[in-house]
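Final position of the sequence shown in the working numbering is 84; the numbers increase by one with none missing.
Using N, Cα and C, we set each Cβ at its ideal position, and we do this for glycine too.
Notes follow once the structure below has been shown.
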Amino acid sequence: MLVILSLSLVAAAAVLIYIGVRHTSTRRRAVLAGATVLLCCAFYFSPALGGFWPGVFTLIPTFILCCVALPWLEFLWRRRSAG
2 MLVILSLSLV
12 AAAAVLIYIG
22 VRHTSTRRRA
32 VLAGATVLLC
42 CAFYFSPALG
52 GFWPGVFTLI
62 PTFILCCVAL
72 PWLEFLWRRR
82 SAG
């Protein structure tokens with residue numbers, strides 16, 4: 002259960018960072034602070050993934066993968082809705 006929670010927190014942090022960098026200008030600092038808190042919580046639960054360092058080395062690629070996939074998902078969504 003903690004594994005799913007930890008991976009979900011990382012994905013939510015990636016979404017918040019994407020929204021904070023790409024779509025908000027007035028509340029950017031608050032959104033990025035929320036993403037930082039979510040990442041800290043995810044790393045707190047990382048021992049559920051087999052220890053602290055294996056958990057961290059699982060969460061960081063998951064975070065990077067989410068950050069890379071989100072712009073492409075938005076591009077495909079906008080392309081599909083426009084056409």
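A direct Cα-to-Cα measurement between A83 and F76 gives close to 11 Å.
Excluding residues up to 5 positions away in sequence, A43, L60, T63 and F64 lie with their Cβ nearer than 6 Å to the Cβ of V11 in the same chain.
Looking at A15, Y45 and F46, the one whose alpha-carbon comes closest to that of A34 is A15. In the assembly as shown, G52 is an exposed residue. Its beta-carbon has fewer than 16 other beta-carbons within 10 Å. Judged by DSSP in its simplified three-state form, F53 adopts helix.
A straight-line Cα-Cα distance of about 14 Å links Y19 and L39.
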